[in-house]
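**Q** Would you mind keeping the following structure in view while I ask a few things?
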Amino acid sequence: MVAVATALSAGTGPAEAAPVRRAPAGGFEELIVASSMGPVKVQVQWAARGGSSALYLLDGLRAPADHSQWTTDTDALRQFAGDDVTLVFPVGGHSSFYTDWYRPSSTNGQPTTYKWETFLTRELPEFLAGYGVSRTNNAIVGVSMGGNAAMTLAAHHRDQFRFAGSFSGFLNPSYPLWNQVMRAAMFDEGRFNIDDMWGVAGDPAWVRNDATAQAERLRGLPMYVTSGNGVPGPLDLPGGVGNTINAAGIEAFSVIAASTFRDRVAALGIPARVDFTTGTHTWPYWQQSLTVARPMILEALAGDR
């Protein structure tokens, strides 16, 4: 049974959980956290021995409203079950790029303005601190839409994150081609208007939210970036020809972005592990990427545990 811990108040600001000395030792919960966007569900697997470090895991463009796909489409919970690291799965963020938007989307009747950067770097850490989770000893990884977000959030909040990972992320959105690719994808996935997110192409918000453009801010941070090459491999589901073709096409864009990021950090002399594999834009490959990243994540978080 899933326990639900509610942290809502009559006021407009986020309500923190009652302070405790250590995080619960193990177990899975669903929390409801107040935010400027309204209540946000957050699924957590508590650190096995009540440790304070945490790993944030971000979904892709089709992020469901009721659960994180990390919890259903990968074995992330099992992988980290014995580790003293709390897994944090924000729920929602459909077509949001986990960023602070300028205004609500004007093409689908969105009632509130997405403020995901504020939530992930201020409201949620403040709430989790009440459970003994550190505000400063965290890692963050994301897939697809969440991959670039993980890198840029780490770039702009170095006091919070000690590791960042992107699995098939779109790491160069300010490049002219990406504006149109993202525009089409976001309109198809929920009729969202990209201009309401970061303004028209050329607005400073595009560069601020571009992991490749912000590479210098990532200097000294352990990073793992990976992408498939778009060629179907052993983890693609047999019989799912249509889905595999779509996933192959999307991953072909991802590998270009990852290559651009690799070349940028290399030119700056910034160490980063960047892997290219056979595969497409789908969860079995991202589960595999998390397996590879896990030792790096644990090492990065080991200092304060």
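Take 1 as the starting number for the sequence shown in the UniProt record's numbering and just add one per residue. For glycine and all other residues, C-beta sits at the position ideal for the given N, C-alpha and C. Here the structure is a predicted model, which means the values were calculated and not measured.
1) Would a C-beta distance cut-off of 9 Å place G26 and V143 closer than the cut-off?
2) Whole angstroms are fine: how far does the CA of V292 sit from the CA of M219?
3) Whole angstroms is fine: what's the gap from P24's alpha carbon to Y98's?
4) Mind checking Q180: buried by the 16 CB within 10 Å criterion, or exposed?
5) Checking the sheet assignment: what are the DSSP bridge partners for I140?
6) Give the straight-line distance between the Cα atoms of S52 and D73, rounded to the nearest whole angstrom.
7) By a C-beta neighbour count over all protein chains shown, 10 Å radius and 16 as the cutoff for buried, is E216 buried or exposed?
8) May I have a chain-ordered list of the beta strand (DSSP E) segments no shorter than 3 residues that lie completely inside the segment 26-93?
9) Quick one: which unbroken alpha helix (DSSP H) runs of 4-plus residues sit fully inside the segment 195-222? Chain order, please.
10) Would you kindly work out how many angstroms separate the C-alpha atoms of M186 and S254, rounded to a whole number?
11) When the distance is taken between beta carbons, is P173 closer than 9 Å to N137?
12) Is the separation between the beta-carbon of residue 306 and that of A247 shorter than 9 Å?
13) Would you mind sorting G92 into buried or exposed? The rule is 16 or more other CB atoms within 10 Å of its CB.
14) To the nearest whole angstrom, what separates the beta carbons of R162 and L301, a pair I think is in contact under 8 Å?
15) Would you tell me roughly how many angstroms separate the C-alpha atoms of R305 and H67, rounded to the nearest one?
16) Just the C-alpha distance for Y114 and R103, rounded to the nearest angstrom, thanks.
17) Buried or exposed: which applies to R264, given that a residue is buried once 16 or more other Cβ atoms fall within 10 Å of its Cβ?
18) For E299, is the classification buried or exposed, using 16 other Cβ atoms within 10 angstroms of its Cβ as the cut-off for buried?
19) Which value, in whole angstroms, describes the spacing of the CA atoms of L120 and P39?
20) Beta-carbon within less than 8 Å of S134's beta-carbon, same chain only, minus the 5 sequence neighbours each way: which residues are those?
21) Roughly how many angstroms separate the alpha carbons of G82 and L235, rounded to a whole number?
22) Look at the Cβ atom of T212, then the Cβ atom of D275, and state whether they are nearer than 9 Å.
23) Counting only the same chain and skipping the five closest in sequence on each side, list residues whose C-beta sits under 7 Å from that of S36.
24) Straight-line CA distance for S106 to P295?
25) In angstroms, rounded to a whole number, what distance separates the CA positions of L128 and T86?
**A** Reading it off the structure:
1) no
2) Sequence inspection shows Arg at residue 219; the Met mentioned does not correspond to that position. When the Cα atoms are used, R219 and V292 turn out to be separated by approximately 21 Å.
3) 27 Å
4) With fewer than 16 Cβ atoms within 10 Å of its Cβ, Q180 is classed as exposed.
5) Looking at the DSSP output, I140 shares a beta bridge with Y56, A164.
6) Put simply, the backbone Cα of S52 is about 26 Å away from that of D73.
7) exposed
8) Counting whole runs of 3 or more residues, the segment 26-93 contains the beta strand (DSSP E) stretches 28-33, 40-45, 54-58, 86-90.
9) 195-198, 204-208
10) 16 Å
11) no
12) Outside the displayed range of the chain (1 to 305) lies residue 306, so it cannot be described from this structure.
13) buried
14) Between the beta-carbon of R162 and that of L301 there is about 6 Å, and that keeps the pair under the 8 Å contact cut.
15) Residue confidence for R305 is low, a pLDDT of 45 falling below 50, so the modelled location carries little weight; the figure read from the coordinates is stated next. Going by the C-alpha atoms only, they are around 28 Å apart.
16) The alpha-carbon atoms of Y114 and R103 are separated by roughly 7 Å.
17) buried
18) exposed
19) 13 Å
20) S52, S53, A54, D304
21) 26 Å
22) Going by beta carbons, T212 and D275 fall outside the 9 Å limit.
23) Excluding residues up to 5 positions away in sequence, K115, T118 lie with their Cβ nearer than 7 Å to the Cβ of S36 in the same chain.
24) Computed Cα separation, rounded: 43 Å.
25) 10 Å
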